[in-house]
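Structure first, then comments.
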Amino acid sequence: MNANALSNFGWLVRREYWESRRGFLWAQFWAAAAILIITVLGIIAGEVLKARMGAQVDVHMGVSLTDILRNATAHDTGQLAKALDATMLLFGFIAAVVLFFVVFFYLLGALYDDRKDRSVLFWKSLPLSDTGTVLSKVAAAIVIAPLIAVGITLAGYLAAQVIVSLWLVIHAVNPLPLWTQGEPYTVWLRLVAMVPINALWGLPTVGWLLFWSAAVRSKPFLWAIIVPIIAGVLNFWIGLLGLPHIRHDFFWGDIVGRLLLSIIPASWIDPNAHNYAMRFRDSHELAAIDFPAMGHALMLPQMWIGVIVGIALIAAAIWFRRWRDEA
Amino acid sequence: MPKRQTWHGFVATVCEQTAAGRPVLRIEWAQEEILMSATSALDETSVAAAPATVIHAANLTKRYGKTLALDHASFEVQPGRIVGLIGPNGAGKTTALKAILGLTDFEGELSVLGLDPRRQRPALMQQVCFIADVATLPRWITVKEAVDFVAGVHPRFDRTKCERFLSRTKLQPEQKVRQMSKGMIVQLHLAIVMAIDARLLVLDEPTLGLDILYRKQFYQSLLEDYFDENKTILVTTHQVEEIERILTDLMFIRDGKIVLSTEMDALGERFAEVMVNAERVEAARALKPLDERQVFGKSIFLFDGVPRAQLEDLGEVRRPSVADLFVATMKGTYA
């Protein structure tokens with residue numbers, strides 16, 4: 013890539029951000045802000061109720077604030093670290109959920125919306141290659157949007173820590189242990205390190221959604237969902253007849269799951285994405301997103317088969333972008 | 031040519047604007063042609079780099095299922111011309127433009143500025159601009175973002191020029207396309223396109239749905255601030271009357287074929303409209319007119335390539351309007 017192509021690519025990615033910043037940035041911002049606002053409202057309500065009628069109100073923010081108060085008072089740093097982990101996890105989890113939905117629908121519309129409103133004709137009037145255009149959308153989905161999500165997660169966490177510190181000060185407890193805990197400062201590093209792993213793991217979904225976005229005349233969402241469902245029903249029916257078919261758990265977990273859900277952050281921890289939500293109810297899960305786990309994910313055959321499938325689908329999307337002709 | 035003058039007197043009432051506007055433009059173009067030959071003599075390298083023909087198409091064929099959108103269409107477009115590609119709905123205008131812009135695959139031979147639109151699209155688009163009807167700008171983009179983006183990716187875009195064009199409009203930098211009227215969207219698009227130093231500008235129904243003020247302004251800006259001897263404009267439109275005065279060349283397309291390709295200057299020499307009194311009608315019909323219609327009890331015949339002296343014998347001769355020529359040529363298209 014020469015300097016010119018690189019600069020063009022930068023502008024293409026910027027364009028994607030301009031168009032989708034409401035999803036990439038503001039959806040994340042308001043999700044984190046909602047947690048913070050609810051926390052503050054909860055703290056105020058708790059204090060007012062306590063002052064009025066001596067009721068004990070417990071505010072939860074991924075973890076009970078009363079627990080944090082007790083741990084901070086008792087200088088139980090181990091427990092405190094765990095509590096802070098849970099707070100970080102809450103912000104990370106919300107950001108991940110938002111990221112999944114935003115990126116899923118972003119990809120479905122990425123090569124379809126501009127064909128629908130005919131603005132593709134404006135983009136195609138500029139000296140840009142279709143390969144660069146499609147790859148800029150891939151980059152927006154698996155690099156830009158996740159990095160913004162990580163940034164919001166950290167900002168939300170820091171804001172929460174400020175709020176809790178103020179609350180501790182009101183209760184005459186030293187908030188300093190909250191800030192000297194080392195753990196949260198390494199978590200951000202893990203979150204950033206996770207971005208490329210998520211990106212590689214998510215490629216089959218990225219390719220699948222972009223493929224339908226570029227290929228169909230209308231309703232990419234329906235195609236992307238219905239094709240696997242029909243294939244699954246056919247596979248089931250063939251199985252019923254006792255003919256050779258694809259094992260059902262493999263079909264739904266390793267094929268359909270990967271094509272539709274592998275952009276869920278950290279879903280490589282358990283290659284069967286459908287187990288993911290359940291596992292994350294356990295608040296120790298943040299520890300599972302560590303560097304050895306990432307290394308392990310890179311050695312899974314599913315990872316690299318998925319990467320190949322993803323690249324093939326993206327290549328097909330580029331071809332459709334170049335030659336799809338709306339008569 | 032004394033007869034020409036009577037011809038002028040004849041049409042003055044019918045289409046005064048046409049007759050008033052044309053001679054001025056003609057003189058301008060004639061001067062530019064002289065200027066161009068002078069510069070080409072001085073600077074031979076730039077002339078060698080620029081191919082003589084802007085568009086060369088031979089046997090262009092495109093099928094959509096069973097329908098032939100282009101049927102062995104062949105044509106050429108020379109630099110410094112304003113070419114109107116005119117045809118009824120479904121005649122293949124848009125398909126031809128898409129082929130030229132590398133937006134669709136096709137059979138046949140096509141070179142645009144010496145490049146193959148199928149294989150060298152990004153390189154070609156540095157030299158070619160197009161406005162495909164109104165309102166193809168993305169609705170979410172702001173004026174500033176659109177200008178920033180094009181400035182970022184287009185090596186031949188002149189930002190100062192674009193801002194100068196924009197300052198003549200009411201557009202605001204933070205204004206989104208979705209907040210603009212159709213006319214304003216075209217103003218923005220035109221400001222961007224005119225700031226790009228391209229050699230070929232393709233316009234596909236650029237003024238569809240605009241009111242007369244925006245339409246006039248559109249073509250006036252193109253002529254005053256954009257068009258010169260190094261640029262070529264290829265335009266399709268239904269509003270033939272409006273662009274008739276600015277065209278230098280005319281192409282009619284019908285059923286995927288180019289059925290007429292002529293310079294506007296030659297149009298008056300080749301085609302003639304004659305108003306014939308009832309007693310001469312049979313004599314006129316014997317000369318095989320393209321078309322015959324009745325106005326106020328007289329017959330108006332349209333002839334292709336019949337010597338002028340012969341026609342003047344029949345009645346008053348005038349140059350036909352493009353619209354009349356179009357209607358005569360396309361007769362039976364929708365039947």
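Here the protein sequences line up with chains A and B, keeping their order. The numbering used here applies: residue 13 is where the first sequence begins, and numbers increase by one. The numbering used here applies: residue 31 is where the second sequence begins, and numbers increase by one. Even for Gly, the Cβ is constructed at its ideal location relative to N, Cα and C. The structure presented is a predicted model; accordingly, all values stated were derived computationally and were not measured.
Distance CB(residue i)-CB(residue j) smaller than 8 Å
i, j, result
"B:M281", "B:F105", "yes"
"A:Y118", "A:G219", "no"
"B:W170", "A:E31", "yes"
"B:I112", "B:I263", "yes"
"A:V207", "A:M100", "no"
"A:I80", "A:A95", "yes"
"B:M224", "B:S197", "no"
"B:K123", "B:I283", "yes"
"B:K212", "B:G239", "yes"
"B:A176", "B:I222", "yes"
"B:L290", "B:T359", "yes"
"B:L332", "B:F301", "yes"
"B:L90", "B:A126", "yes"
"B:L253", "B:V306", "no"
"B:Y244", "B:V216", "yes"
"A:G251", "A:W264", "no"
"B:T363", "B:P118", "yes"
"A:M306", "A:I209", "yes"
"B:F160", "B:L115", "no"
"B:L133", "B:L143", "no"
Nearest candidate by alpha-carbon position, reference residue i, set the options
i, options, result
"A:L178", "A:W235, A:I330 and A:T51", "A:T51"
"B:G335", "B:T199, B:K318 and B:P203", "B:K318"
"A:G322", "A:V60, A:M311 and A:T217", "A:T217"
"A:L203", "A:V114, A:V181, A:S19 and A:Y169", "A:Y169"
"A:A122", "A:A15, A:V25, A:L310 and A:I238", "A:V25"
"A:W191", "A:A171, A:W331 and A:D302", "A:A171"
"B:E312", "B:V113, B:I330 and B:G298", "B:I330"
"B:R189", "B:Q202, B:L201 and B:K174", "B:K174"
"A:N16", "B:I85, B:M214 and B:H184", "B:H184"
"A:W224", "A:A211, A:I238 and A:L212", "A:I238"
"A:L221", "A:Q91, A:A243, A:W280 and A:A324", "A:A324"
"A:I258", "A:M315, A:P240, A:R127 and A:L273", "A:P240"
"A:F332", "A:L255, A:W249 and A:V228", "A:V228"
"B:L231", "B:G110, B:Q150, B:G286 and B:R338", "B:G110"
"B:L167", "A:L252, A:F134 and A:A157", "A:F134"
"B:E408", "B:R338, B:F257 and B:I273", "It is not possible to answer for residue 408 of chain B, since the shown part of chain B is limited to 31 through 365."
"A:G144", "A:L312, A:V245 and A:N14", "A:N14"
"B:E139", "B:K261, B:R229, B:G117 and B:H102", "B:H102"
"B:L98", "B:L297, B:D285 and B:A296", "B:D285"
"A:A108", "A:V162, A:W23 and A:K62", "A:V162"
Amino acids of chain A, ordered along the chain, whose beta-carbon sits closer than 8 Å to that of residue i
i, result
"B:H184", "L138 and P139"
"B:C159", "S137"
Beta-carbon neighbours of residue i, restricted to chain B and to distances below 9 Å
i, result
"A:D129", "A165, T166, P168 and R169"
Chain B contact residues for residue i, given Cβ-Cβ distances below 8 Å
i, result
"A:N20", "G182 and V183"
"A:D126", "P168"
"A:W331", "Those within 8 Å of A:W331 in chain B number zero; the least Cβ separation is about 12 Å."
"A:D337", "K128, L133, T134 and D135"
"A:E59", "Residues of chain B passing the Cβ test: none, with the nearest at roughly 43 Å."
Contacts that residue i makes with chain B (C-beta to C-beta distance below 7 Å)
i, result
"A:F134", "T166, L167 and P168"
"A:E28", "Ordered by position in chain B, no residue passes the 7 Å Cβ test against A:E28, which lies about 11 Å from the chain."
Residues bridged to residue i (per DSSP)
i, result
"B:Y94", "B:T97"
"A:S141", "According to DSSP, which records beta bridges pairwise, A:S141 is partnered with nothing at all."
"B:F282", "B:I116 and B:L290"
"B:L264", "B:V113 and B:V232"
"B:I85", "B:V107 and B:V142"
"B:F195", "DSSP lists no partner for B:F195."
"B:F187", "B:I226"
"B:R348", "B:E303"
"B:K206", "B:T172"
Within chain A, partners of residue i - CB distance below 9 Å
i, result
"B:L231", "Within chain A, no residue comes near B:L231; the closest Cβ sits about 10 Å away, beyond 9 Å."
Chain-ordered chain A contacts of residue i [CB-CB under 7 Å]
i, result
"B:A162", "L133"
"B:F179", "W23 and R27"
"B:P152", "P139, L140 and S141"
Start-end ranges of the beta strand (DSSP E) lying completely within the stretch 138-180 of chain B, minimum 3 residues: 158-162
To test your reading of the DSSP string, which unbroken beta strand (DSSP E) runs of 3 or more residues are found completely within the stretch 305-342 of chain B? 321-325 and 328-334
Which residue spans inside the stretch 23-90 of chain A form an unbroken alpha helix (DSSP H) run of at least 4? With a minimum length of 4 residues, the continuous alpha helix (DSSP H) runs that stay inside the stretch 23-90 of chain A are 40-65 and 77-86.
Please list the segments of the alpha helix (DSSP H) lying wholly inside the stretch 156-235 of chain A, counting only runs of 4 or more residues, in order along the chain. 157-182, 188-192 and 195-227
Inside the stretch 232-256 of chain B only - alpha helix (DSSP H) runs reaching at least 4 residues: 242-251
Residue ranges of each alpha helix (DSSP H) run of no fewer than 4 residues wholly in the stretch 84-127 of chain A, ordered along the chain? Fully enclosed alpha helix (DSSP H) runs of 4 or longer: 89-122.
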